[in-house]
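Data block below; observations after.
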Amino acid sequence: MKTQMNNDDRCAIDLLLDQRDPSMNGWGNGGYGNTSDMAVARRMRSLKGLLGILSALPAVEPDPTLGARTVQYCELVHAATGVVEINQPQRPAQIDG
Amino acid sequence: MNTSSSNRQRHALEAAVKETDPDCTGHGSDNSLPGRSNMTQPNSSPAAQPAVRTLSDEELLEAYRLGDRKPFGQLVERYQRELFHFLVRFLGDRAAAEDVFQETFLQVHQSAAQFDTQRRFRPWLFTIAANKARDLMRSQARRPTNPLQASINPGDEGSGQFLDLMESAQEMPSAPLEKRELQGLVHSTVMGMPDHLREILLLSYFHQFPYRQISEILVIPLGTVKSRLHAAVACFAEKWRQINENNTTSH
């Protein structure tokens, strides 16, 4: 079955997922024209329940040595490839005495 | 990215790491490689670098750009969990996530001089990580995508309402699920989504990037961020409902 999304649905998603950015949308449903607060509020409730399911997605913890191995890997690539030092002061021209 | 050669190079280098530091303590051994820099290891004593810990990400990177090596390890430590969580959820594979994590910070190291100091470090880091992860998936040609976006266009005849889908999808399976079984079902649902929809949903839901920063991370217009997230939510709802139906009939 194909799913049809209307302005209320889209508005609810944006309000829920982008509410951290006040310049985007407020509760005034900016940018969505004919939306009703009641309809959007109902959809937001449903959406919270739906997205709450995502919380069950396991967070696999990194190996405790990953950070140390990463730094060492970068050091070794740096040493092996001779990548130019970041902001290394330029050497003055050699003056043969 | 030539992943296979890159992986070979990385594994060779990791083998060299184990030679110099077999316990991965991060402190190396007496036979440190010549020319080795002095980046502070992320697992060093918390009391060892109180000043570094109070700096913002951008200040750490700036200090690193100016030649102080210590802040690099602090940045790795600061993002170790969050970035790894994103990569594991996006790639669905621990080993691949470790590879991309390391390649991401190598890129940070190599591109630090080009970092625009007016930008925020976190979105930049996720831009690099997402690019590397996508490169890896492309190189592995994991599976064809099946974008749902086309099916949510308004005006499709014979279509159902998204609200109905949301409300039916959030109903939990009739059979009670063990926690691990539920985790497995959600994991299958998320991994069954097209890569570009899974990516944007993870960035928004778990990492709470606002739309403007997602636009920056994925290098797509703001309008595309919106439409892609709408499609991602619809895709998740549809796939969750399908998985639930299958799970219910199999019980």
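These protein sequences, in sequence, are chains A and B. 1 is the number of the first residue of the first sequence in the working numbering; add one for each residue after it. 1001 is the number of the first residue of the second sequence in the working numbering; add one for each residue after it. Note that beta-carbon positions come from the ideal geometry of N, C-alpha and C, so glycine has one too.
* Asked: Is A1016 (chain B) helix, strand or coil by DSSP?
  -> Note that A1016 (chain B) scores 45 on pLDDT, short of 50, meaning its location in the model is unreliable and no value can be drawn from it.
* To do: Compare the C-beta of R1120 (chain B) with all C-beta atoms of chain A and state if any pair is closer than 9 Å.
  => no
* Counting Cβ pairs, one atom from each stretch, are 3 or more of them under 8 Å apart for the segment 54–67 of chain A and the segment 1065–1083 of chain B? -> yes
* Check whether the Cβ of A41 (chain A) lies closer than 9 Å to any Cβ atom in chain B. => It does not; no Cβ of chain B falls within 9 Å.
* Asked: Considering only the beta carbon of each residue, do D18 (chain A) and S1227 (chain B) sit closer than 9 Å?
  -> no
* Asked: Between M5 (chain A) and chain B, is there a C-beta pair that is closer than 9 Å?
  -> yes
* Asked: Exposed or buried, S1045 (chain B), counting other C-beta atoms within 10 Å across all chains shown (16 or more means buried)?
  -> Residue placement at S1045 (chain B) is flagged as unreliable, the pLDDT there being 47, under the threshold of 50; a coordinate-derived value is accordingly withheld.
* **Residues that Q1161 (chain B) bridges to, as DSSP identifies them** => A:Q4
* Contact with chain A by H1207 (chain B), beta-carbon distance below 9 Å -> no
* Should V1225 (chain B) and Y1211 (chain B) be called a contact, given that it needs their Cβ atoms to be closer than 9 Å? -> yes
* Can you list the residues of chain B that D9 (chain A) reaches, using a CB-CB cut of under 7 Å? -> F1162, L1163
* Buried or exposed for S1111 (chain B), please, with buried defined as at least 16 other CB atoms from any protein chain shown within 10 angstroms of its CB. => exposed
* Are the Cβ atoms of G49 (chain A) and M1166 (chain B) separated by less than 9 Å? -> Yes, these two residues count as a Cβ contact at 9 Å.
* To do: Report the three-state DSSP secondary structure of S1111 (chain B) (helix, strand or coil).
  => In the displayed model, S1111 (chain B) falls within a helix according to three-state DSSP.
* Would you kindly work out how many angstroms separate the C-alpha atoms of N7 (chain A) and E1178 (chain B), rounded to a whole number? => 37 Å
* Residue from B:E1058, B:D1057, B:L1091 with nearest C-alpha to H1187 (chain B) -> Ranking the options by Cα distance to H1187 (chain B), first place goes to B:L1091.
* Asked: Which residues, taken in chain order from the segment 1213–1233 of chain B, show a beta carbon closer than 8 Å to some beta carbon of chain A?
  -> K1226, L1229, H1230, V1233
* **Alpha-carbon spacing of L1201 (chain B) relative to L1229 (chain B), whole angstroms** => In a straight line, the C-alpha of L1201 (chain B) is about 6 Å away from that of L1229 (chain B).
* Return yes when the Cβ of T1189 (chain B) is within less than 9 Å of the Cβ of W1124 (chain B), no when it is not. => no
* Asked: Taking Cβ positions only, does L15 (chain A) come closer than 9 Å to chain B?
  -> So, not an interface residue.
* **Of the listed residues B:L1163, B:E1245, B:V1219, B:H1196, nearest to R42 (chain A) (C-alpha basis)** => B:L1163
* Can you list the residues of chain A that R1094 (chain B) reaches, using a CB-CB cut of under 8 Å? -> Residues of chain A passing the Cβ test: V60.
* To do: Taking only the alpha-carbon atoms, compute the straight-line gap between D9 (chain A) and L16 (chain A) and give it to the nearest angstrom.
  => 11 Å
* Write down the C-beta distance between E1077 (chain B) and T1117 (chain B) rounded to the nearest angstrom, noting that I regard them as a contact closer than 8 Å. => About 22 Å separates the two Cβ atoms, so there is no contact after all.
* Asked: Can you list, in chain order, the stretches of the alpha helix (DSSP H) that have 4 or more residues and sit fully within the segment 1064–1096 of chain B?
  -> You should have 1070–1091.
* If we cut at 9 Å on Cβ distances, does E1167 (chain B) have a partner in chain A? -> yes
* Asked: How many Å lie between E1199 (chain B) and A1130 (chain B) at the Cα?
  -> For E1199 (chain B) and A1130 (chain B), the gap between their C-alpha atoms comes out near 8 Å.
* Asked: Quick one: does A1097 (chain B) have its CB under 9 Å from some CB of chain A?
  -> yes
* Whole angstroms is fine: what's the gap from V1108 (chain B)'s alpha carbon to I1128 (chain B)'s? => 8 Å
* **7 Å Cβ cut-off: residues of chain B touching D18 (chain A)** => P1210, Y1211
* Asked: Cβ of S1215 (chain B) within 9 Å of Cβ of F1121 (chain B)?
  -> no
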